[in-house]
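Heads up, the thing below is written out as structure tokens.
There are 2 protein chains.
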Amino acid sequence: MKTADPELMRAINRFYVMDAIRRFGPLSRVEISQLTELSPTTVSAITAALLDDRLIIPLQLGAVRDAGRGRPRVMLKLNPDAAHVAGVKLAHDQITVGVTNFCGDILRSLALPVRIDRQTASVIADLVEDGVRRCVGDAGLDMAHISGVCVGLPGVVERAAGVCRQSPILQERDVPFGADLSHRLGVPASIDSDVNLVTLAEHWFGQARGLNDFLVVNVERSLGLGILHNGELFRGANGLSPDLGDLMVRPSGGGGRLADLASEASVLIEAEALLREGEADARLHQGRALALLLKRAAAGDKRCSRVLAAAGEALGFAVAGLITLFAPPKVIVSGRAMATSDHFIEPLRNAVAALLPASLADVSDIIVREWNDGNWVQGAAAMTLRDLYGAPWGTTGPAPIREAPLPPLGES
Amino acid sequence: MKTADPELMRAINRFYVMDAIRRFGPLSRVEISQLTELSPTTVSAITAALLDDRLIIPLQLGAVRDAGRGRPRVMLKLNPDAAHVAGVKLAHDQITVGVTNFCGDILRSLALPVRIDRQTASVIADLVEDGVRRCVGDAGLDMAHISGVCVGLPGVVERAAGVCRQSPILQERDVPFGADLSHRLGVPASIDSDVNLVTLAEHWFGQARGLNDFLVVNVERSLGLGILHNGELFRGANGLSPDLGDLMVRPSGGGGRLADLASEASVLIEAEALLREGEADARLHQGRALALLLKRAAAGDKRCSRVLAAAGEALGFAVAGLITLFAPPKVIVSGRAMATSDHFIEPLRNAVAALLPASLADVSDIIVREWNDGNWVQGAAAMTLRDLYGAPWGTTGPAPIREAPLPPLGES
DNA sequence: TTCTTTTTCTCCGAGACACAAATTAAATCT
DNA sequence: AGATTTAATTTGTGTCTCGGAGAAAAAGAA
Chain A
781 MKTADPELMR AINRFYVMDA IRRFGPLSRV EISQLTELSP TTVSAITAAL LDDRLIIPLQ
841 LGAVRDAGRG RPRVMLKLNP DAAHVAGVKL AHDQITVGVT NFCGDILRSL ALPVRIDRQT
901 ASVIADLVED GVRRCVGDAG LDMAHISGVC VGLPGVVERA AGVCRQSPIL QERDVPFGAD
961 LSHRLGVPAS IDSDVNLVTL AEHWFGQARG LNDFLVVNVE RSLGLGILHN GELFRGANGL
1021 SPDLGDLMVR PSGGGGRLAD LASEASVLIE AEALLREGEA DARLHQGRAL ALLLKRAAAG
1081 DKRCSRVLAA AGEALGFAVA GLITLFAPPK VIVSGRAMAT SDHFIEPLRN AVAALLPASL
1141 ADVSDIIVRE WNDGNWVQGA AAMTLRDLYG APWGTTGPAP IREAPLPPLG ES
Chain B
781 MKTADPELMR AINRFYVMDA IRRFGPLSRV EISQLTELSP TTVSAITAAL LDDRLIIPLQ
841 LGAVRDAGRG RPRVMLKLNP DAAHVAGVKL AHDQITVGVT NFCGDILRSL ALPVRIDRQT
901 ASVIADLVED GVRRCVGDAG LDMAHISGVC VGLPGVVERA AGVCRQSPIL QERDVPFGAD
961 LSHRLGVPAS IDSDVNLVTL AEHWFGQARG LNDFLVVNVE RSLGLGILHN GELFRGANGL
1021 SPDLGDLMVR PSGGGGRLAD LASEASVLIE AEALLREGEA DARLHQGRAL ALLLKRAAAG
1081 DKRCSRVLAA AGEALGFAVA GLITLFAPPK VIVSGRAMAT SDHFIEPLRN AVAALLPASL
1141 ADVSDIIVRE WNDGNWVQGA AAMTLRDLYG APWGTTGPAP IREAPLPPLG ES
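Here it is, written out as structure tokens:
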């Protein structure tokens, strides 16, 4: 329990200032003062300290000669070079590594096509280590410049402990990637559920910027769930990230894990025979099979679209349950191929609409978002940057400072 | 967004002090200092202010002449008469009203047997008003002594707005009980989901004292869900309390609301024909029918126990889903009659065990708790008292101050 | 009893902070 | 150049926590 003392006070207010600058671009001191509701005096003191630490820098170029009469505002922005972080995403068939600066701009990224599930955890750690070192080097940096690394992967992750309890892409359990990579790379390394990374990326950089409550449902080989609640990433009691795939979708009897009904992997199994029919090539690669399925569905093949619809319905069932619990104004369905197909999404929407009680019928907006590797890397970066910004409590961003991104100054 | 200033600092620390006293009985200043990790100076200043406000009082009776040599400790405790609050619970067939003091002790309570669903909201408000006034009077108090009232009822409640969006015991929707009762009684009135009240009662006074994460599943006529997460009552995005009854238990097809499968009301409908069989009396009253069902099941009637088991399994399905999301160390199943029956609970436990993924198999302890009217009233009281304690952030109690209830002093 | 010891509590001053008011800085307008 | 306007900083005041010195209140020792 942290008792409140002047230091905490300063830490909180410093975070507000940093957060305002991060979110609303270059800002002058007056603007910060208005946004944060801190007095100009305090803002001046805090920005002075931040400038001193080189976390922010003045934007000198005359920039917006903003029609002003008096002394011009000095715009302040994050110092991109204040720190650099590395982000890693482990997917079943690929390791993605990236390096970003303090603003979350991706300086360099690297994709290693590796069938992860065939490797031991220690081999994967080798590959990650090499990938990070290479990526850092390619960005013209030295490991000494890197402030932290975050690894995202699907499954049940205990962030605080730095351990992956269980993952569909790992054979082993309780893999301590955190400590391992910290030791290998000589920088603080954290791990988290991959969906949490997209969730944070959406919150910091994406469609849910400034939104304090939303869900991210990630559909790829496996299923993931990210929850932002009250501006904070939601984690279970022990810091365990919730795993959507483990949710059960059918009560006793023909029970089924959601991952076995609605993930890309399960859909492919379901559709395998179907696809084999018209195809000369007997062996279908993962990606190709899915593409084929989607193409056929789009072309009007009822049986193919039926498979997708079943998956969408199953997921919609789960999403409806989550909406009754969290009542989020926005639900983001993210993924690569399948998630963006209408043959999947429409049944999902319909299922949600059918299952939701009337009182919650219109609270949630379901939107679809195709991600690329950059999102993951930015998410991983944000996860690490959050610490550097000095948030004194476990938040990814406090209550929205104001409704409009930048209200006209002057009045108020 | 509240900026940090000295005032907030003081508010936070004052809350820590109050919370320590509330939780660990009469305490001396040194003990408070050790528990809260605040300096003795600060504790002295804060307690002086609290004594000044008469929120706490010294416990003069020589009490534990605690084998000491030096200046004896002055034990401080909450002043029971610092404030009084009223709590109200609306159930389908009864209105329960109670008045407690600042310590949560129930001074007086009153149960009005009313079939609420036959009345309009305004009649109910009349009854509540009269009940509160009577109860306050019977406790030897005047409405002027009452600092606040909290009403609990099943359904979807938007606490912040003081509105009950929808409730199984009300015909009307969007009933603004909060503003209405504030106006009628002339004191601040809040409303909340009834389960939230038991949840808070368990956290403050009951089995989950000091536990920061647990679920309460309340089984009576309808189903309720209370979630304590990170020491705070969990609410959906708009402050909406989640409603377990609205959760869907079966995916598309023979879909069903959980409330239609696992609540007492649904079980009775299911079992109606069954019960009528051997019974001369054609019309069975609610409570009697349930008692009869339980008795027959206990006597070995397979068909009756089957009905209960089906309900237990359906609820178990939902609980398993909640455990995968929240990973709470404890799940409390509370209720009056049905919830405590083994014919209901064992199937529930089994369903949970069967549906939970291996990685979460042992995280949650499911316990059963029979409540009485007092629990509700205490919960409602706690809900109001929380504000009086001056918690500056929306918590029901911060991180546990220390593991043991009261560690031996002296060393440190 | 009277003095010493021990423990609890309070007063005092230092240091950190937020903030309001006054002051300085740096531009445009006349 | 001087007036005007807006931005940022300096100065002064009050609040807070906290360490250390001192006062209070008991038990034990002489």
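From first to last, the protein sequence lines are chains A and B. The numbering of the first sequence is the numbering used here, which starts it at 781 and goes up by one. The numbering of the second sequence is the numbering used here, which starts it at 781 and goes up by one. Cβ coordinates follow ideal geometry from the N, Cα and C atoms, glycine included.
{"Query": "Contact the segment 1121 to 1128 of chain B vs the segment 1153 to 1172 of chain B: 3+ CB pairs below 8 Å", "Result": "no"}
{"Query": "A1100/A - partner residues in DSSP beta bridges", "Result": "Its beta-bridge partners do not exist; DSSP assigns none."}
{"Query": "Nearest to A969/A (by Cα), restricted to the options L995/A, E909/A, C930/A and L1102/A", "Result": "C930/A"}
{"Query": "Close Cβ partners of L830/A (< 6 Å) along its chain, the five nearest in sequence each way excluded", "Result": "I836"}
{"Query": "Interface residues of the segment 794 to 819 of chain B facing chain A [CB-CB below 8 Å]", "Result": "Y796, T816, E817 and L818"}
{"Query": "Beta-bridge pairing of K932/B - partner residues as DSSP gives them", "Result": "Reading the sequence as shown, one finds Gly at residue 932/B and not Lys. K869/B and D972/B."}
{"Query": "Through-space distance from F882/A to D861/A, alpha-carbon basis", "Result": "6 Å"}
{"Query": "Cβ of S1002/B within 7 Å of any chain A Cβ", "Result": "no"}
{"Query": "Distance between D885/A and D799/A (C-alpha atoms, nearest Å)", "Result": "16 Å"}
{"Query": "C-beta contact flag for A1069/A and L1041/A at 7 Å", "Result": "no"}
{"Query": "Beta-carbon contacts of S1085/A that lie in its chain and below 6 Å, excluding the five residues immediately before and after", "Result": "A1077 and H1123"}
{"Query": "N1018/A to L1008/B span [Cα, whole Å]", "Result": "13 Å"}
{"Query": "Opposing strand residues paired with P893/B [DSSP bridges]", "Result": "Q874/B"}
{"Query": "Per-residue DSSP class, three states only, for K1082/A", "Result": "helix"}
{"Query": "CB contact check: T783/A to chain B, cutoff 7 Å", "Result": "yes"}
{"Query": "7 Å Cβ cut-off: residues of chain B touching G1016/A", "Result": "L1105, F1106 and A1107"}
{"Query": "L1027/A at chain B interface by Cβ criterion, 7 Å", "Result": "yes"}
{"Query": "Complete runs of the beta strand (DSSP E) confined to the segment 984 to 1030 of chain A [at least 3 residues]", "Result": "994 to 999 and 1003 to 1009"}
{"Query": "Cβ contact (3+ pairs, closer than 8 Å) linking the segment 951 to 963 of chain B and the segment 989 to 1006 of chain B", "Result": "no"}
{"Query": "Any C-beta of chain A under 7 Å from that of D1142/B", "Result": "no"}
{"Query": "Residue-level contact to chain A via CB, S973/B, 7 Å cutoff", "Result": "no"}
{"Query": "Reference G805/A; option with closest CA among A1141/A, T822/A and V854/A", "Result": "V854/A"}
{"Query": "DSSP three-state assignment for G1115/A, whether helix, strand or coil", "Result": "strand"}
{"Query": "Neighbour flag for M923/B against chain A, beta carbons, 7 Å", "Result": "no"}
{"Query": "Residue-level contact to chain A via CB, A1100/B, 7 Å cutoff", "Result": "yes"}
{"Query": "Residues near T783/A in its chain [Cβ-Cβ closer than 7 Å; skip 5 each side]", "Result": "none"}
{"Query": "Reference L1013/B; option with closest CA among M1028/B, L995/B and S1002/B", "Result": "L995/B"}
{"Query": "Within 7 Å, strictly: CB atoms of G1016/A and V975/A", "Result": "no"}
{"Query": "CB contact check: G850/A to chain B, cutoff 7 Å", "Result": "no"}
{"Query": "Residue(s) in a DSSP beta bridge with I886/B", "Result": "T880/B"}
{"Query": "Buried or exposed by the 16-neighbour rule on C-beta atoms within 10 Å, applied to N1155/B", "Result": "buried"}
{"Query": "Residue of G935/B, I904/B and A1090/B minimising C-alpha distance to L1027/B", "Result": "G935/B"}
{"Query": "CB contact check: D993/B to chain A, cutoff 7 Å", "Result": "yes"}
{"Query": "Closer than 7 Å to chain B by CB, S1021/A", "Result": "no"}
{"Query": "Top-ranked residue by Cα proximity to V877/A, from D922/A, L1165/A, L907/A and A1117/A", "Result": "L907/A"}
{"Query": "Proximity of G911/A and L890/A at Cβ, strictly below 7 Å", "Result": "yes"}
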